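Beneath this line is the structure, given in structure tokens, with notes to follow.
In our numbering, the protein residues as written are 26 to 354.
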């Protein structure tokens, strides 16, 4: 899991146990595995979290980080896989691009590069701008609520918008929800599983869920976590419970809403809820998921999360079949 919040979860409890450095891509040219703003955290025990390449440069980045700890200074390194004399070319990298990385030691003196503030914002589900400026005395890292558009007297070498992990709420704790939870965990997403029917025995199977909520649906709207939900999947396998879930979600600030089941069942759910699709916050995905084929829970989970991921990161209401096949549906 390479989202910055997962990296910071590893760093935060151990930040004073060893020397740490932050590696940040500040520029790229041509084809590169990661883009500006990508981060990794390294320590002098030889551990690193996150990737700035496909895994081929990280050992050398760690070697370069040791120079930061020895000198107590930040340093800029470049890898150019188009240059035959460059280390990256000698590794046989095929991407053909150039990547510029800023390595900074993380210390109390430099306010831990404001990573504590960044971590707090991510845990509070707040999007922020992470900005790095070059001053005469070195680099200054800032966490800003929004991009700083004012005239700057110092160069800004990076201004990167960081979104918190997607918060996915799944309504229905049947065994077919298990692959959804487990796959979404690999993205580093926050997962809330809601089912008032959940038994202790069943709950053990969902150890990867961030939280399991067994409250009646009527009591969920006032829960602190509910306002941060980005996407919801309704799969209670129960008409009335699904209807109640849609009523709960109709005023939620969602980017994606999926309902399991065929179209004729959806009409029954909407009729039971006493609402129309137009009253929902986003276009209802039903049948949900891309048409990838397959009928097992794992296939349905893959198709659904592929569609959800596309909506969240491509900014579309509901992707069309053309997005995955090249043809119109």
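For each residue, glycine too, the CB sits at the ideal point set by N, CA and C.
None of these values were measured; they are calculated from a predicted model.
The distance from the Cβ of residue 214 to that of residue 190 is about 5 Å, consistent with a contact at the 8 Å cut-off.
As the crow flies, the alpha-carbon of residue 246 is around 15 Å from that of residue 237. Residue 229 counts as exposed, since fewer than 16 other C-beta atoms from the protein chains shown sit within 10 angstroms of its C-beta. In the pairwise beta carbon analysis, the region 302-314 is classified as touching the region 322-339: at least three pairs are separated by under 8 Å.
Excluding the 5 residues flanking it on each side, residue 248 has same chain C-beta neighbours closer than 8 Å at 238, 240, in chain order.
Of the other Cβ atoms in all chains shown, fewer than 16 fall within 10 Å of the Cβ of residue 289; this residue is therefore exposed. The Cβ-Cβ distance between residue 103 and residue 125 falls below 7 Å. Relative to residue 105, the option among 188, 263, 52, 186 whose CA is nearest is 52. If you check the CB distance, residue 43 and residue 68 come in under 7 Å. Residue 224 has its alpha-carbon roughly 35 Å from the corresponding atom of residue 36.
Going by DSSP, residue 194 is part of the beta strand (DSSP E) stretching over 192-196.
DSSP places residue 130 outside any alpha helix (DSSP H); the residue lies instead in the beta strand (DSSP E), whose first and last residues are 123-131. Beyond the five residues adjoining it in sequence on each side, residue 265 comes within less than 7 Å, by CB distance, of 297 in the same chain, given in chain order.
Per DSSP, the beta-bridge partners of residue 156 are 167, 184. According to the DSSP assignment, residue 101 belongs to the beta strand (DSSP E) that extends over 100-105. If the five residues before and after residue 58 are omitted, its C-beta is found closer than 6 Å to the C-beta atoms of 78, 79, all from its own chain and listed in chain order. According to DSSP, residue 236 shares a beta bridge with 217.
Residue 340: not part of any alpha helix (DSSP H); DSSP gives it neither H nor E.
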